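Each residue of the sequence shown is one higher than the last, beginning at 711 in our numbering. Ideal placement from N, C-alpha and C gives every residue a C-beta, glycine not left out. Quick caveat: nothing in here was measured; it's all calculated off a predicted structure.
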Amino acid sequence: MPSMPRAARQTQVPARAVRWLAAVFLLGGLGRVLAIVVAGRPHWFQLVLMAIELGLGAVYLWLADADERARG
């Protein structure tokens, strides 16, 4: 019987890459905030996306720091 492929990631993602991802999310969220200031209130779904981008950006930054503290 052939071996099954592994679904789980075997190597850890570097904290630097996680920080870049967090920066992209935060910039996207800040861009939406700027758009609200300039153009007014958008569709409700855009507000949901903004909250996700700002929230995930903060969480990813926290996780990258926590991972480095756990390793070091």
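Taking 9 Å as the cut-off, the Cβ atoms of R781 and E763 do not count as close.
Apart from the 5 residues on each side of it in sequence, L731 sits with its Cβ closer than 8 Å to the Cβ of Y770 in its chain, given in chain order. Taken atom to atom, the span from the alpha-carbon of L737 to that of L757 is near 15 Å. In chain order, Y770 and A774 place their CB closer than 6 Å to the CB of V728, counting only its own chain and leaving out the 5 sequence neighbours on each side. In this structure, E778 sits away from A733, with a CB-CB distance that is not shorter than 9 Å.
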